[in-house]
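Engineer: Here's a structure for you.
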Amino acid sequence: MNPVPVPEQLAVVEYPLAPLRVAAGAGTGKTATIAMRIVRLVTELGIEPESILSITFTNKAAAELADRIRAALGTRVEGGREIEVHTYHGFAHQILREYGALVGVERATQVITPTFSRQLIEVVMAGVDLPSLNPANRANVDDIRSLGSALGDNLLVPDDIAVPDPAPHKAWESRTSLLKALRAYQHEKTRRGVVDYADLILAAHRLVESYPEVAGEIRSRYQAVMLDEYQDTNPAQRELLRKLFGNGFPITAVGDVDQTIYEWRGASSHNFIHFPSHFRTTAGEEAASLPLTLNRRSLPVVVEVANAVRSRTGSEQQLLRPLDANIGGEVAVSWHADAVLEAQEIARKIEELSTQYQWKQMAVLFRKNKDMTLVHDALRAAGIPVEVANLGGLLAVPEVADLHAWLRLLHDPEDTPALFRILFGARYRLGMGDLVHLTRWAKAQNRSQIADEDVELPLNTLLEATDHVDELADLRSPARAALGTFREEYRRLLVDAQGVSLVELCRRVLDATGAWNDLAAMPASSQLSARLNLYRFLDLAEDWSPLEGAPSLQAFLSHLGAMAEEKAEELDTARLSGEDAVTLVTVHRAKGLEWDVVFLPAVYQKNFPAGSMGFDNPFTKGRVLPYEYRLDREWLPAIDSQLSDDENNDLLREQHERQEWRIAYVATTRAKERLFVSGASWYGRTETNRRPSLPSELWEVIANHPATRVDSRPPPRHPPQPTVLRFEHEGPAPDPLFADGWEAAVRAEIESPGTAEETAVDHELFGVRKQEFQQMLFDLPAPLDPLAEETPTSSVTGLVTFASCPLRYHWSEVDRLPRISSAAARRGSLVHRAIELHNRGQVPLEDLETSDTDPLDAYEGTSSWNGFQKSRFAEVAPAMIEQPFQMRWDGLDIRGRIDAIYGDDDWEIVDFKTGSESPDPAVRAASLVQLQAYAIAASEGHLGRHPTGTIAVTFAYLGANGSEVTYQADGEWLAAALERIDEIVSGINRGANQPTPSLACHGCDFLHVCPTGQRYVGG
26 MNPVPVPEQL AVVEYPLAPL RVAAGAGTGK TATIAMRIVR LVTELGIEPE SILSITFTNK
86 AAAELADRIR AALGTRVEGG REIEVHTYHG FAHQILREYG ALVGVERATQ VITPTFSRQL
146 IEVVMAGVDL PSLNPANRAN VDDIRSLGSA LGDNLLVPDD IAVPDPAPHK AWESRTSLLK
206 ALRAYQHEKT RRGVVDYADL ILAAHRLVES YPEVAGEIRS RYQAVMLDEY QDTNPAQREL
266 LRKLFGNGFP ITAVGDVDQT IYEWRGASSH NFIHFPSHFR TTAGEEAASL PLTLNRRSLP
326 VVVEVANAVR SRTGSEQQLL RPLDANIGGE VAVSWHADAV LEAQEIARKI EELSTQYQWK
386 QMAVLFRKNK DMTLVHDALR AAGIPVEVAN LGGLLAVPEV ADLHAWLRLL HDPEDTPALF
446 RILFGARYRL GMGDLVHLTR WAKAQNRSQI ADEDVELPLN TLLEATDHVD ELADLRSPAR
506 AALGTFREEY RRLLVDAQGV SLVELCRRVL DATGAWNDLA AMPASSQLSA RLNLYRFLDL
566 AEDWSPLEGA PSLQAFLSHL GAMAEEKAEE LDTARLSGED AVTLVTVHRA KGLEWDVVFL
626 PAVYQKNFPA GSMGFDNPFT KGRVLPYEYR LDREWLPAID SQLSDDENND LLREQHERQE
686 WRIAYVATTR AKERLFVSGA SWYGRTETNR RPSLPSELWE VIANHPATRV DSRPPPRHPP
746 QPTVLRFEHE GPAPDPLFAD GWEAAVRAEI ESPGTAEETA VDHELFGVRK QEFQQMLFDL
806 PAPLDPLAEE TPTSSVTGLV TFASCPLRYH WSEVDRLPRI SSAAARRGSL VHRAIELHNR
866 GQVPLEDLET SDTDPLDAYE GTSSWNGFQK SRFAEVAPAM IEQPFQMRWD GLDIRGRIDA
926 IYGDDDWEIV DFKTGSESPD PAVRAASLVQ LQAYAIAASE GHLGRHPTGT IAVTFAYLGA
986 NGSEVTYQAD GEWLAAALER IDEIVSGINR GANQPTPSLA CHGCDFLHVC PTGQRYVGG
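All residue numbers for the sequence shown refer to my numbering, where the first residue is 26 and numbers rise by one.
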């Protein structure tokens, strides 16, 4: 806090006890001004500290504000006397803790975070019949949460929405399903005795509206109220505050409309813009408004560029003014051939500046998490300590990714990506050539059991193969030893996982795998980065607790997955350790922070400012609340159902672009002295994008500012496209005698005298063996002729995929792209395994039994398993169980596995589905291919014997309501099935790969690379 306020601050500090809006630009000292005003209220106007209420947005901001006020008051008040400081949700929670019983909210009611809210919705979706919603589809979960948040932000519940009949436009079909899911979610929250953030505001508003005497009691406690970050509030929070502190109450709202960057979660800039009319004086006049424009944070050049960016927001607020126009600053832009070179240049520049600044005085801010990895790797390779402040980025750094992989494998032995991450890592140093032997062994054990539903190798057998390394004659000795070590460590940790806490399990993994020793051998800078990242993860594991019951590894991993997908993480300012390390953080989490030097990479078209896959049009998207229900409807874009989608999207695009420019303004104003903005021609996640990138409008605005230094511009022609985008250290080759570095060698010699001598002897022996091996290479016979090409194969699942979308088949089976691990697939595997064990007369998986200690038991398939137990099939013994088959069709081997066949003479072939039938005819038609293939295999004797009677084929849906779809496979039906399969095989053989959009696009792993699917999903 400045001891002597400038005139603008003084006007705010001395303003009378009346409603006041303070338009405080970035870096203008708003927190200090609030503290000075409170000091004056206490020391000059005689207001008791306890009768002053201050509300801000995040817990971190609330703590900092309380500290600032406490320091400002100092000895002016008696010890222990403090003003009341809350977050907006915390204030509502306090009201409900005291009076909530009046509206059915008990004092002990638990408040759940957005991440737990997501998990609870997944539970609800698994237990409710929602034909148009797929619980495995993350987009469906997001849609439910979006509509639910919008309802709460406008003081509504699902039953307040009147569903029109007939529906005026297509969005109402999905909106109706979303409302049904939200009713079930509300019921589940009530059953568990929990509320989410939206419930807090809604219930508190209902309380003060229904009980005016309560509102009067709360109002009488305070003589002044300070609202910080008011531009981030939603309409519901505004109305709660109006009910309590309207009609001339001395309330001061401080904010900056140009820093409204949370509109995607309900924040309304119109709350701040229209504060004067919402909170009028006792005489009915609009509240006064005062500005804070003197930027105390940034040097003049940075302020000038920030003003240029701010001008693109359409703001009418006054521009920022630098504190001292005679002090310089630096703003520079650059353009690079590819993202790797960009990351290396950032590392070089940071290292150069380290002679003038501490590491912690520098930061790299990202619009999106995806751009963080390369910069992180470049800084680590340059020996620069790094602190990753976002969970999304944290899970990608090597030391945390390794620990995360171990936790995943200990929970799920079928998590092959986690297994690969571990075995390919520095501890075991295996390569693809080593794992080929494991794969061959596993295939040999399972060749007769290859399943229709398992196009890939059954995943658990690959881990099982590590138990049989002695049977792998061609496996090289170091790999055999490494796998033996891995298996011992895996078994020991698997036992530990059953009886220790989460954080203790993490520590044991780190101990068992030698992670701490690896860190100790690192250079000091890399060691600090790695320790900071691991400590942050360990803190998360220690602080986490489940919604109900005891903590479990399964629930923790589910929580991590939800957090990684959860935008709510971006709501809170990053919490930095204070260690001397460069910060990597997203712009959203950087709000409220500042650094001397800031880098903004990946500033290219559609990335920063970000593009949109689809605008929030309530006429085309069910997750968007219709404008007639919104409290701020009079200030929203003038879209209309009579306009075309393109016309409405043009109006919504303007709103989206303003939001992006506000984010850019926040980014530029984080810099105090130096700002470096960069981009590159080629980006991508490991593999490069198909098209080169161009500088974004933000890059151009900054580059064209007269105060900016342009270090490099895009060349006239695009540079060559790199094959991959992966950072590889280009330093000298490792010393053959000291492969782990000199520091590690010296430490090893100190701990075990004689190590260096043994190393020298080993090196001499290695040289002899190397010469012998080279001679063996010269003596090798000429290679044999290549084997004939294998017969192409597909599974029945592959046929269904092709029928749904040939392009999806192409990316799944031909030109394979990485796929997303699906919780629904794992859940489906568990349910099918339980059904198989049941049919064989064995005990089903314990994981599917209801657990009182697991708050999310239904998430793992309990509902579907219960659906099977209630079905007619639970009491009937099948004639065949998990029956495999193989048939040749026009040169293509088709393999499959049938869940169950009932009957001796008349056969009923049944495929169990853990969800509900799709409402999309195209999806249903594609799914039918599965039953058609099964019926053909049965009728042609590919199951080992022929049916003597009729054939029926059934989809048994095990969702909430349980339904069946059965077809009689008579001659006419089989003829149509033969024609359909023939058409699909013909398309596969000729390499057809045209996109075919349908509702299946919403859950497609390849949506991010499919423009056709994106257009379909976007409306």
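Glycine is no exception: its CB is placed at the ideal position from the N, C-alpha and C atoms.
Please confirm whether Pro347 and Val328 have their CB atoms less than 8 Å apart.
Structural biologist: Yes, the pair counts as a contact, with Cβ atoms nearer than the cut-off.
Engineer: Check whether the segment 203-221 and the segment 671-678 touch, using three or more Cβ-Cβ pairs below 8 Å as the test.
Structural biologist: In short, these stretches do not touch, since the Cβ pair count stays below three.
Engineer: Quick one: give me the first and last residue of the alpha helix (DSSP H) that Thr693 is part of.
Structural biologist: Taken as a continuous stretch (DSSP letters only), the alpha helix (DSSP H) holding Thr693 covers Asp670 to Thr693.
Engineer: Can you tell me whether DSSP reads Glu254 as helix, strand or coil?
Structural biologist: DSSP places Glu254 in coil when its eight states are reduced to three.
Engineer: Which stretch, first to last residue, makes up the beta strand (DSSP E) that contains His19?
Structural biologist: The question about residue 19 has no answer, for the chain in this structure spans 26 to 1044.
Engineer: Using three-state DSSP, classify Arg46 as helix, strand or coil.
Structural biologist: Reduced to three states, the DSSP call for Arg46 is strand.
Engineer: Which residues in the same chain have their Cβ closer than 6 Å to the Cβ of Arg322, if we skip the five residues on either side of it in sequence?
Structural biologist: Cβ within range, chain order: Gly52, Glu619 and Lys697.
Engineer: Mind checking Met397: buried by the 16 CB within 10 Å criterion, or exposed?
Structural biologist: Counting Cβ neighbours within 10 Å, Met397 comes out buried, since at least 16 surround it.
Engineer: Is any beta-carbon of chain C found at less than 8 Å from that of Val1042?
Structural biologist: Looking at the structure shown, chain C is missing, and only one protein chain is on hand.
Engineer: Compare the beta carbon distance of Val749 and Val954 with 8 Å and say whether it is the shorter of the two.
Structural biologist: The answer is no: Cβ separation not under 8 Å.
Engineer: How long is the line joining the alpha carbons of Tyr247 and Thr201, rounded to whole angstroms?
Structural biologist: For Tyr247 and Thr201, the distance between alpha carbons rounds to 43 Å.
Engineer: Mind checking whether Pro74 and Val102 have CB atoms under 8 Å apart?
Structural biologist: For Pro74 and Val102, yes; Cβs fall inside 8 Å.
Engineer: Could you please give the first and the last residue of the uninterrupted beta strand (DSSP E) stretch that includes Arg920?
Structural biologist: Leu917 to Tyr927 is the span of the beta strand (DSSP E), which, as asked, contains Arg920.
Engineer: State whether the segment 954-971 contacts the segment 909-928, with contact taken as three or more CB pairs (one from each stretch) at a distance under 8 Å.
Structural biologist: The segment 954-971, when compared against the segment 909-928, does touch it at the 8 Å Cβ threshold.
Engineer: Measuring alpha carbon to alpha carbon, tell me which residue in Leu324, Gln381, Leu344 and Gln342 is nearest Val356.
Structural biologist: The shortest C-alpha separation from Val356 is found at Leu324.
Engineer: Return yes when the Cβ of Ala97 is within less than 8 Å of the Cβ of Phe644, no when it is not.
Structural biologist: Not closer than 8 Å, so no.
Engineer: Using three-state DSSP, classify Thr155 as helix, strand or coil.
Structural biologist: Residue 155 is actually Leu in this sequence, not Thr. Of the three classes helix, strand and coil, the one that applies to Leu155 here is coil, per DSSP.
Engineer: Looking only at DSSP bridge pairs, what is Arg346 linked to?
Structural biologist: DSSP, once it has assigned bridges, lists Leu319 as partnering Arg346.
Engineer: Helix, strand or coil: how does DSSP classify Gln911 here?
Structural biologist: Strand at Gln911.
Engineer: Under a three-way DSSP split, which group does Ala388 fall into?
Structural biologist: Here Ala388 sits in strand by DSSP.
Engineer: Taking 8 Å as the cut-off, does the segment 58-65 touch the segment 80-96 (at least 3 CB pairs, one atom from each stretch)?
Structural biologist: Yes, the segment 80-96 is in contact with the segment 58-65.
Engineer: Along the chain, where does the alpha helix (DSSP H) that runs through Gly823 open and close?
Structural biologist: Val821 to Ser829 is the span of the alpha helix (DSSP H), which, as asked, contains Gly823.
Engineer: Using C-beta distances below 8 Å, list every residue in its chain close to Leu842, excluding the 5 sequence neighbours before and after it, in chain order.
Structural biologist: Counting only Cβ-Cβ distances below 8 Å, and skipping sequence neighbours, we find Trp836, Asp1030, Phe1031 and Val1034.
Engineer: Looking at the secondary structure, which residues open and close the beta strand (DSSP E) in which Gln993 lies?
Structural biologist: Note, Gln993: beta strand (DSSP E), Ser988 to Gln993.
Engineer: Would you kindly work out how many angstroms separate the C-alpha atoms of Leu873 and Gly408, rounded to a whole number?
Structural biologist: Any answer about Leu873 is weak, because its pLDDT of 37 lies below 50 and its placement is not dependable; what the coordinates show is given next. If you take the alpha carbons of Leu873 and Gly408, they lie about 48 Å apart.
Engineer: Based on Cα-Cα distance, which residue from Leu700, Pro41, Phe827 and Phe640 lies nearest to Ala249?
Structural biologist: The residue with the shortest Cα to Cα distance from Ala249 is Pro41.
Engineer: Judging by CA-CA distance, which residue of Asp349, Asp178 and Ser302 is the nearest neighbour of Arg290?
Structural biologist: Closest option to Arg290, Cα to Cα, is Asp178.
Engineer: Taking Cβ positions, are Val67 and Leu232 nearer each other than 8 Å?
Structural biologist: No, these two residues do not count as a Cβ contact at 8 Å.
Engineer: By DSSP's criteria, Trp724 is part of a beta bridge. Which residues make up the other side?
Structural biologist: Answer is none; Trp724 lacks a bridge partner.
Engineer: Is Tyr690 buried or exposed, if buried means 16 or more other CB atoms sit within 10 Å of its CB?
Structural biologist: Per the 10 Å Cβ criterion, buried.
Engineer: Suppose you measure from the CA of Thr939 to the CA of Gln957; what does that come to, to the nearest Å?
Structural biologist: For Thr939 and Gln957, the distance between alpha carbons rounds to 20 Å.
Engineer: Output the boundary residues of the alpha helix (DSSP H) element that contains Asp402.
Structural biologist: Counting along the chain, the alpha helix (DSSP H) containing Asp402 begins and ends at Met397 to Ala406.
Engineer: Could you pull the DSSP bridge partners for Thr510 from this structure?
Structural biologist: Its beta-bridge partners do not exist; DSSP assigns none.
Engineer: Assuming Leu625 is part of the beta strand (DSSP E), what are its boundary residues?
Structural biologist: Unbroken beta strand (DSSP E) run through Leu625: Trp620 to Leu625.
Engineer: Between which two residues does the alpha helix (DSSP H) holding Ile1063 run?
Structural biologist: The structure shown does not extend to residue 1063, since the chain is modelled only from 26 to 1044, so the question has no answer here.
Engineer: Using DSSP with H/G/I as helix, E/B as strand and the rest coil, what is Leu750?
Structural biologist: If DSSP states are grouped into helix, strand and coil, Leu750 belongs with the strands.
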